[in-house]
Amino acid sequence: MPSTPAVVLNVLGFQFGWFACVLGAAYGMPWLGPLVAVPVLALHLATAARPQRAGLLLLAAALVGFGLDTILIRAERLSFGEGVLVEGWAPYWMVCLWALFASTFNVSLRWLRARPVLAALLGAVGGPLAYWAGGRLGAAVLLEPVWAGLLLVGLFYAVATPFLLLLARELDGFEASENRA
187 MPSTPAVVLN VLGFQFGWFA CVLGAAYGMP WLGPLVAVPV LALHLATAAR
237 PQRAGLLLLA AALVGFGLDT ILIRAERLSF GEGVLVEGWA PYWMVCLWAL
287 FASTFNVSLR WLRARPVLAA LLGAVGGPLA YWAGGRLGAA VLLEPVWAGL
337 LLVGLFYAVA TPFLLLLARE LDGFEASENR A
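Residue numbers in the sequence shown follow our numbering, run continuously in steps of one, and reach 367 at the last position.
This is the structure:
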């Protein structure tokens, strides 16, 4: 189990990164998110017992998130004005958010890995709340009808959260290799 200071640092790093990504995009500075996320993620990898495994998890979550957010954009449920490198694709700061989210799976959210139903429920509620908050802060536009987009986000997160937590068990960079069975 991660130590209490490690858990606190993980939560603070995630929150700091989340606000940098969202507020950076909201205020026309989408580069601010990656500028904060990269050192947070580098510290995460530096503290991992097996950084290669931890890095694969971050990459996998970033790819999953990129795909899901791109589907939301193409389904016209969501739009972004900042940080979009290719029209119709998820912005780079959102990809950073997914990697930041994954950085919590084997540290502060480690307890949730063995609870897939709870993970699905928390994803179904927490995902839409995060997107709604990001929209209210001005980082994204939730397209009408807003409820349909939030419902789709909830469905995506209800599946993605337990899936990524299962993957986190397999790619646990914070568990010593001799403890894996």
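Using N, Cα and C, we set each Cβ at its ideal position, and we do this for glycine too. From a predicted model like this one, the values you see are computed outputs, not experimental measurements.
Between the alpha carbons of N365 and N292, how many angstroms are there, rounded? Interpretation of N365 is limited by its pLDDT of 46, a score under 50 that renders its predicted location unreliable; no figure is taken from the coordinates.
With DSSP run on the structure shown, which of helix, strand or coil describes L308? If DSSP states are grouped into helix, strand and coil, L308 belongs with the helices.
State buried or exposed for T190, treating a residue as buried only when at least 16 other CB atoms are found within 10 Å of its CB. T190 is exposed by the Cβ-count criterion.
If we call anything under 8 Å between Cβ atoms a contact, is W279 one with A354? In this structure, A354 does not lie closer than 8 Å to W279 by Cβ.
Taking C-beta to C-beta, are G203 and V226 nearer than 8 Å? Taking C-beta atoms as the reference points, G203 and V226 count as a pair closer than 8 Å.
On the CB-based measure, 16 or more other CB atoms within 10 Å of its CB, does R260 come out buried or exposed? Under the 10 Å beta carbon count, R260 is surrounded by fewer than 16 other beta carbons and is classified as exposed.
Does the contact criterion of 3 or more C-beta pairs under 8 Å hold for the stretch 317-334 versus the stretch 289-309? The stretch 317-334 is not in contact with the stretch 289-309.
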